[in-house]
Amino acid sequence: MMETAAKEPAVWTRGRSLGETLEAYGIYVALVLVLLTAALLSPAFYQPANIFNILRQASALGILSVGQTIVMIGGGIDLSVAAVMQLATVGVAEIAKGRDEGVLAAVVIMLALSMIVGLVNGLLVTQRRVPPFVATLFVGVVVTGARQVYTQATPSGSLPPLIRLIGRDSTGPVPNAAIIFLGLALIAAIVLRKTTFGRRLYAVGGNAEAARLAGIPVNRVRLITYVVCSLLAGVAGLVLAGYVGYADQWIGRGYDLDSIAAVVIGGTSLAGGRGGIGGTLAGVLLVTVLLNLVLLLNLNVQWQLVVKGMVIILAVALYAMRRRG
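Going by my numbering, the first residue of the sequence shown is number 10, and it counts up by one from there.
Next comes the structure, spelled out in structure tokens:
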């Protein structure tokens, strides 16, 4: 049936062309080359402190990109994620007022609100047939405006110490943020590869009409992806806030495009039906290592924008190549 016919990321098969091989493994080759180059350019790159710093830096973008991967495999895209990150961060700070006593309730409330944002995105896309790009961009603007009105553009709360502990501290040698990131990535990978929902998601992204004829509830599947993506965006916002140490009302600005770029260069198709968590992890690490290298080489911080721009251009170029293929 259609569920079992959905295509997951390709594995090596005899007779595969060079182009197909590069498409399947190019991101991993690129990551290895960047890691080798980084070691040559900066001896400090492989110092344990820097490696753990890279893991912390990658965690928020990684969590966000896992959610973006799920949406994009289903044929959608979410441009409201940065607004959700900001909403969750400012909301927790406003509710908890810097105290650990109220942090659990604050986190639960704001993650639930994040899921409601995803539900609105999903309903606009599935029930009102609004294009995902337009729907999520619109919702992101509304969420940002509502947050600004509520806080009068000057949030008064502060982060509880527990949130900072999650973003900055470690369990043994491994950063807490990285544990959360890798744990969520593992769960997502298992869901995509080993469950009925995962097979249905690839089928919906590959050919929604054929999936519908095969009895798959297309709208429900897509709706779930937007809810999950917004939930992970809320988590990513809190992890990033813990890392930077304060409740920045514009935290995660630009992470919407960063996450899309990481997902696309990791092999997930903008058209849906193809991709996976492994490639996304490699894409996130590639972006993070490049940004880290800019700092290690003492380059002007504006070079980070240049690097991000180059990554986005690369993502667009790879997508164009896959479409021609």
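Just so you know, even glycine gets a beta-carbon here, dropped at the ideal spot from N, CA and C.
Of all C-beta pairs linking the region 263–277 to the region 320–327, three or more are shorter than 8 Å, placing the two stretches in contact. Each residue's CA atom was taken as its position, placing Y159 and L45 some 48 Å apart. Annotation for Y252: R65, Q66, S68, A69, G176, R177 and A186 place their beta carbon closer than 8 Å to its own, counting only its chain and skipping 5 residues before and after.
Secondary structure in the region 79–146: the alpha helix (DSSP H) runs of 4 residues or longer, each lying completely within the stretch, are 90–105 and 112–135 in chain order.
For the region 244–317, the continuous alpha helix (DSSP H) assignments of 4+ residues that do not extend past its boundaries occur at 264–274 and 286–305, in sequence order. In this structure G276 does not touch G263 by the C-beta definition: roughly 22 Å separates them, more than the 8 Å allowed.
Your pair L122 and I172 does not check out as a contact, with CB atoms roughly 16 Å apart and the cut at 8 Å. A219 has its alpha-carbon roughly 16 Å from the corresponding atom of T135. Sorting I274, R137, A242 and L88 by C-alpha distance to the C-alpha of V325 places I274 at the top. Going by DSSP, F190 is part of the alpha helix (DSSP H) stretching over N185 to K203. A straight line joining the alpha-carbon of V183 with that of P57 spans about 11 Å. In the three-state scheme derived from DSSP, where H, G and I count as helix and E and B as strand, S179 is classed as strand.
For Q157, the secondary structure class from DSSP, reduced to helix, strand or coil, is helix.
Residue state for G166 is assigned as coil, using DSSP reduced to three classes.
Of the residues assessed, G254 falls on the exposed side of the cut-off, its CB having fewer than 16 other CB atoms within 10 angstroms.
Taking C-beta atoms as the reference points, T98 and I260 count as a pair closer than 8 Å. Distance from the CA atom of R108 to the CA atom of S74, rounded to whole angstroms, is 30 Å.
Note on T204: under 16 other CB atoms within 10 angstroms of its CB, so exposed under the neighbour-count rule.
Going by beta carbons, V303 and V316 fall inside the 8 Å limit. For I233, the three-state secondary structure derived from DSSP is helix. In summary, T234 is buried, with 16 or more beta-carbon neighbours lying within 10 Å of its beta-carbon over all protein chains present.
Put simply, the region 134–154 touches the region 76–93. At least three CB pairs are less than 8 Å apart. Look at A219 here: in three-state DSSP terms it is helix. In this structure, the beta-carbon distance from G215 to G281 falls below 8 Å. Restricting attention to I82, R209 and N130, the CA atom closest to the CA of A223 is found in R209.
Judged by DSSP in its simplified three-state form, S239 adopts helix. Taken atom to atom, the span from the alpha-carbon of G35 to that of S165 is near 46 Å.
Looking at L308, A212, A114 and L327, the one whose alpha-carbon comes closest to that of L50 is L308. No Cβ-Cβ contact shorter than 8 Å links L133 with G243.
Per the C-alpha coordinates, the member of L96, T153 and R221 positioned closest to A245 is L96. Less than 8 Å separates the beta-carbon of V296 from that of A271. In chain order, G166 place their CB closer than 6 Å to the CB of K106, counting only its own chain and leaving out the 5 sequence neighbours on each side.
DSSP, read as helix, strand or coil, puts S51 in coil.
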